[in-house]
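Per our numbering, residue 32 is the first one in the sequence shown, and the count goes up by one each step.
Glycine residues also receive a C-beta, built at the ideal position from the N, C-alpha and C atoms.
Nothing here was measured: the structure is a model prediction, and the numbers come from that model.
Heads up, the thing below is written out as structure tokens.
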Amino acid sequence: MRRILGIESSCDETAAAIVDSGRHILAQRIASQDEEHRPYGGVVPEIAARAHAERLTPLIGATLNDAGMTLDDVDAIAATAGPGLIGGVMVGLVTAKALAMASDKPLIAINHLEGHALSPRLADPTLAFPYALLLVSGGHCQLLRVDGVGRYRRFATTIDDALGEAFDKTAKILGLGYPGGPQVEKLALEGNAEAVRLPRPLVGSGEPHFSFAGLKSAVLRAKEGGQFTDADIAASFQKAARECVIDRSRIALEAMEDSGGGITALVAAGGVAANAVLRGALEELAEERGLRFVAPPSPLCTDNAAMIAWAGLERFETGQSDPLDISARPRWPLDPEAEPVRGAGVKA
Ligand SMILES: Nc1ncnc2c1ncn2[C@@H]1O[C@H](COP(=O)(O)OP(=O)(O)OP(=O)(O)O)[C@@H](O)[C@H]1O
Ligand SMILES: [Mg+2]
Numbered sequence: 032m033r034r035i036l037g038i039e040s041s042c043d044e045t046a047a048a049i050v051d052s053g054r055h056i057l058a059q060r061i062a063s064q065d066e067e068h069r070p071y072g073g074v075v076p077e078i079a080a081r082a083h084a085e086r087l088t089p090l091i092g093a094t095l096n097d098a099g100m101t102l103d104d105v106d107a108i109a110a111t112a113g114p115g116l117i118g119g120v121m122v123g124l125v126t127a128k129a130l131a132m133a134s135d136k137p138l139i140a141i142n143h144l145e146g147h148a149l150s151p152r153l154a155d156p157t158l159a160f161p162y163a164l165l166l167v168s169g170g171h172c173q174l175l176r177v178d179g180v181g182r183y184r185r186f187a188t189t190i191d192d193a194l195g196e197a198f199d200k201t202a203k204i205l206g207l208g209y210p211g212g213p214q215v216e217k218l219a220l221e222g223n224a225e226a227v228r229l230p231r232p233l234v235g236s237g238e239p240h241f242s243f244a245g246l247k248s249a250v251l252r253a254k255e256g257g258q259f260t261d262a263d264i265a266a267s268f269q270k271a272a273r274e275c276v277i278d279r280s281r282i283a284l285e286a287m288e289d290s291g292g293g294i295t296a297l298v299a300a301g302g303v304a305a306n307a308v309l310r311g312a313l314e315e316l317a318e319e320r321g322l323r324f325v326a327p328p329s330p331l332c333t334d335n336a337a338m339i340a341w342a343g344l345e346r347f348e349t350g351q352s353d354p355l356d357i358s359a360r361p362r363w364p365l366d367p368e369a370e371p372v373r374g375a376g377v378k379a
């Protein structure tokens, strides 16, 4: 049984976990920085980097302790090496390098997005390659074909905001706390999703991309108009977002099916995949297309180190490791061959 220590520090969660090749999470700890960033309604990079630097080393010690292990008991050390807020990524990667050097264990530099992309395989041993992956997080909204470890082909991406960003901005407009996604979902339960007419950007377009900036602006106008309750705005926003995701994903899945078969599952990962309404709609879409729907349990969707340890394990099993001089990368697309799409500020 191989065991990997995983470290995650790309955004505002400081996390460590130990995962074994039997898909057991032997220990995991997450220190959230929500309190530090809440007054600003979003993550402040400098505050995040300092918080990671303070917390990471004791957190790793406590995680090993929880598992009743020392560094001698792990086979390799995996850490997020990008993409993300570079200060935080550097804290995690440099810590992993130091531990790898001190313990003479291999270092595995993980693309955070690959962590999300492979996390469903940690939760579901029956999920085989290839699969269609909807990656919906704070920084990304993409539909990819996952053919294997390190083999990703992007079919759709957002031309402006990520879906998690749209949830967070809606939360901010409605005066809800940070992070906003779970709070918008909760408030939406009390609202009428038909109350506010909101746009569905790009819906009906034959091009398989996503767009959420116009939806966010419409939420702001609805709030400023003063005639709707916050719960109605939240519910209407969530419904519009869901319809955008489903319509765009359907087009992307069609393009994917046209480009070669073999896909048996639609998989959702990333923080927004924790949203129950979205999960339900994706399940229906999967059924419509004759696919199985797979999504990891919510705690594995939002940032965590178990997914980094698991991605490390998948790489380790194929004999991969990285040199100690590997650099942290603020940007690191899963599919570097993907063509750029129109729109400014496109992420990966
Ligand atoms: N229940 C939910 N409904 C909607 N959105 C949610 C829910 N739970 C979390 N989110 C959103 O998920 C995002 C966080 O996800 P995640 O931690 O994967 O993103 P990230 O790491 O910041 O971005 P990336 O992975 O792209 O670098 C936030 O935008 C948050 O609001
Ligand atoms: Mg993430």
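- Query: Mind checking Ile-49: buried by the 16 CB within 10 Å criterion, or exposed?
  - Reply: Along the sequence shown, read from residue 1 onward, the residue named residue 49 stands at position 18. Ile-49 comes out buried.
- Message: By the three-class DSSP mapping on this structure, what secondary structure does Asp-178 have?
- Response: Against the sequence shown, residue 178 aligns to sequence position 147. In the structure shown, Asp-178 sits in a strand (DSSP, three-state: E or B).
- Query: What's the call for Asn-96, buried or exposed, on a 16-neighbour Cβ count within 10 Å?
  - Reply: On the sequence shown, residue 96 is found 65 positions in, with the first residue counted as 1. Burial check for Asn-96: the Cβ neighbour count within 10 Å stays below 16, so the residue is exposed.
- Query: For Asn-96, which of helix, strand or coil comes out of DSSP?
  - Reply: Numbered from 1 along the sequence shown, position 65 holds the residue referred to as residue 96. When DSSP states are grouped into helix, strand and coil, Asn-96 belongs to the helix group.
- Item | Residues surrounding ligand 2 [beta-carbon distance to nearest heavy atom under 5 angstroms] | Every residue with a CB closer than 5 angstroms to a heavy atom of ligand 2 is listed here in chain order: Ser-168, Asp-334.
- May I ask which residues mark the beginning and end of the beta strand (DSSP E) holding Ala-112? Looking up residue 112 in the sequence shown gives position 81. Its beta strand (DSSP E) spans residues 107–113.
- Query: How is Val-325 classed by DSSP in three states: helix, strand or coil?
  - Reply: Here residue 325 corresponds to residue number 294 of the sequence shown, with the count starting at 1. In the structure shown, Val-325 sits in a strand (DSSP, three-state: E or B).
- Message: If contacts are defined as beta-carbon pairs under 8 angstroms, then Phe-268 and Leu-251 qualify, I think. What distance do you get, rounded to the angstrom?
- Response: Locating residue 268 in the sequence shown gives position 237, counting from the first residue. Locating residue 251 in the sequence shown gives position 220, counting from the first residue. Distance from Phe-268 to Leu-251 at the Cβ level is roughly 11 angstroms; contact not present, criterion being Cβ atoms closer than 8 angstroms.
- Message: Short of 6 angstroms in beta carbon distance, which residues of its chain neighbour Arg-185, apart from the five on each side in sequence? Order them along the chain.
- Response: As a position in the sequence shown, residue 185 is number 154, starting the count at 1. Once the five neighbours on either side are set aside, the close Cβ partners of Arg-185 are Gln-173, Leu-175, Asp-366, Ala-369.
- At what residue ranges does the stretch 301–366 contain a whole run of the alpha helix (DSSP H), taking only runs of 4 or more? List check, alpha helix (DSSP H) in window: 307–319, 329–332, 337–348.
- N- and C-terminal bounds of the alpha helix (DSSP H) containing Ser-248: For the purposes of this step, residue 248 is taken as the residue at position 217 of the sequence shown. Element bounds for Ser-248: 244–256.
- Task: Apply the 10 Å Cβ neighbour rule to Thr-126 and answer buried if 16 or more other Cβ atoms are within range, or exposed otherwise.
- Result: Along the sequence shown, one-based indexing puts residue 126 at 95. Buried, since its Cβ has 16 or more Cβ neighbours within 10 Å.
- Query: Which value, in whole angstroms, describes the spacing of the CA atoms of Gln-214 and Ser-134?
  - Reply: Here residue 214 refers to the residue found at position 183 of the sequence shown. Here residue 134 refers to the residue found at position 103 of the sequence shown. When the Cα atoms are used, Gln-214 and Ser-134 turn out to be separated by approximately 42 angstroms.
- Task: Within its chain, find whatever has a CB closer than 6 angstroms to the CB of Ala-326; leave out the 5 residues flanking it on each side and keep chain order.
- Result: To locate residue 326, count along the sequence shown from 1; it is residue 295. For Ala-326, where only same-chain residues beyond five positions count, the Cβ hits under 6 angstroms are Ala-299, Ala-304, Arg-310.
- Mark Ala-110 as exposed unless 16 or more other C-beta atoms lie within 10 angstroms of its C-beta, in which case mark it buried. Counting from 1 along the sequence shown, the entry for residue 110 is found at position 79. Ala-110 should be labelled buried.
- Task: Assign Ser-236 to one of two classes, buried (16 or more other C-beta atoms within 10 Å of its C-beta) or exposed (fewer than that).
- Result: For the purposes of this step, residue 236 is identified with residue 205 of the sequence shown, where counting begins at 1. Counting Cβ neighbours within 10 Å, Ser-236 comes out exposed, since fewer than 16 surround it.
- Query: Does the pairing of the stretch 76–95 with the stretch 56–67 give three or more beta-carbon distances under 8 angstroms?
  - Reply: Touching, per the Cβ criterion.
- DSSP state of Gly-293, grouped into three classes? Sequence index remark: in the sequence shown, residue 293 carries index 262 (1-based). Gly-293 falls in the coil class under three-state DSSP.
- Please determine, among Ile-91, Asp-178, Lys-128, the residue with the shortest C-alpha to C-alpha distance to Ser-352. Position 321 of the sequence shown, counted from the start, is the residue given in the question as residue 352. The residue among Ile-91, Asp-178, Lys-128 with its C-alpha nearest the C-alpha of Ser-352 is Lys-128.
- Would you kindly work out how many angstroms separate the C-alpha atoms of Leu-57 and Leu-102, rounded to a whole number? If you number the sequence shown from 1, residue 57 lands on position 26. If you number the sequence shown from 1, residue 102 lands on position 71. Straight-line Cα distance between these residues: approximately 14 angstroms.
- Message: Given a cut-off of 8 angstroms on the beta-carbon distance, is the pair Leu-36 and Ala-47 in contact?
- Response: Taking the first residue of the sequence shown as 1, we reach residue 36 at position 5. Taking the first residue of the sequence shown as 1, we reach residue 47 at position 16. With contacts defined as CB atoms closer than 8 angstroms, Leu-36 and Ala-47 qualify as a contacting pair.
- Is it the case that the CB of Asp-199 approaches a heavy atom of ligand 1 more closely than 7 angstroms? Taking the sequence shown and counting its residues from 1, the one referred to as residue 199 is at position 168. Correct: Asp-199 has its Cβ closer than 7 angstroms to ligand 1.
- Message: Quick check: does the Cβ of Gly-211 come within less than 7 angstroms of any heavy atom belonging to ligand 1?
- Response: Looking up residue 211 in the sequence shown gives position 180. Set against 7 angstroms, the gap from the CB of Gly-211 to the closest heavy atom of ligand 1 is smaller.
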